[in-house]
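Asker:
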Amino acid sequence: MEFELCPNGKLRYANNSNYKTSDDRQNDMIRKEVYVSPAVVDEVKRIVEDSEITKEDDTNWPTAATSTTERGEKRSQPVGKQELEIKIGNEHIAFTCAEIKSLMDVQESDDPDGLRIFYYLTQDLRCLLFSLISLHFKIRPIPT
């Protein structure tokens, strides 16, 4: 799932769907684009700035999950990843970490405080932006 919010209010959404509609159409990319008001852009900026995510560093965040083999040996196992790129004014920062499935993953990391900020910020942004996209396509104009 990917969101992009531009300063001009353009909000893009893309999601790689694993839903199979027919034999020849698998893993279709769902793409939607809407425009939001400057107030929404300002609110997203406020959420990002209030989180203070730009003060964090993803160096100690997990990049792969470890699992245990039948013999009790630990091995790295690749998992999904989460990325967050922020450009506000002259500030540009990008974060990458392994997919976070629960707060337990956050608490067991080497940087639980920083990862917690990332986790809640991405959850908040995902919820807000997905709601805006969904509402846009559900609302029907009133005929005059």
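Per this note's numbering, the sequence shown starts with residue 788, numbered consecutively.
Beta carbons: idealized from backbone N, C-alpha and C, even for Gly.
1. Express the C-alpha separation of Ser889 and Val835 in angstroms, rounding to a whole number.
2. Apply the 10 Å Cβ neighbour rule to Ser896 and answer buried if 16 or more other Cβ atoms are within range, or exposed otherwise.
3. Please report the distance separating the alpha-carbon of Thr841 from that of Gln869.
4. Indicate whether Phe790 and Phe917 have their beta-carbon atoms separated by less than 9 Å.
5. Leaving out five residues on either side along the sequence, give the residues of the same chain with a beta carbon under 8 Å from the beta carbon of Ile904.
6. Can you check DSSP and say which residues form a bridge with Leu792?
7. From this set, Arg833, Leu919, Gly867, Ile926, which residue's C-alpha is nearest Arg800's C-alpha?
8. Kindly provide the ranges of any alpha helix (DSSP H) runs that are 4 or more residues long and lie completely inside the segment 879-908, ordered along the chain.
Answerer: Walking through what the data contain:
1. To locate residue 835, count along the sequence shown from 1; it is residue 48. To locate residue 889, count along the sequence shown from 1; it is residue 102. Those two C-alpha atoms are separated by around 21 Å.
2. Here residue 896 is taken as the residue at index 109 of the sequence shown, counted from 1. With 16 or more Cβ atoms within 10 Å of its Cβ, Ser896 is classed as buried.
3. The count along the sequence shown starts at 1 and reaches residue 841 at position 54. The count along the sequence shown starts at 1 and reaches residue 869 at position 82. Thr841 and Gln869: Cα-Cα distance of roughly 16 Å.
4. Looking up residue 790 in the sequence shown gives position 3. Looking up residue 917 in the sequence shown gives position 130. Cβ atoms of Phe790 and Phe917: closer than 9 Å.
5. Mapped onto the sequence shown, residue 904 falls at position 117. Taken in chain order, the residues that qualify are Ser838, Glu839, Ile840, Glu843.
6. For the purposes of this step, residue 792 is taken as residue 5 along the sequence shown, with counting starting at 1. In DSSP, Leu792 forms a bridge with Leu798.
7. Against the sequence shown, residue 800 aligns to sequence position 13. The question names Arg, but residue 800 in the sequence shown is Tyr. Out of Arg833, Leu919, Gly867, Ile926, Leu919 has the C-alpha closest to the C-alpha of Tyr800.
8. 890-894
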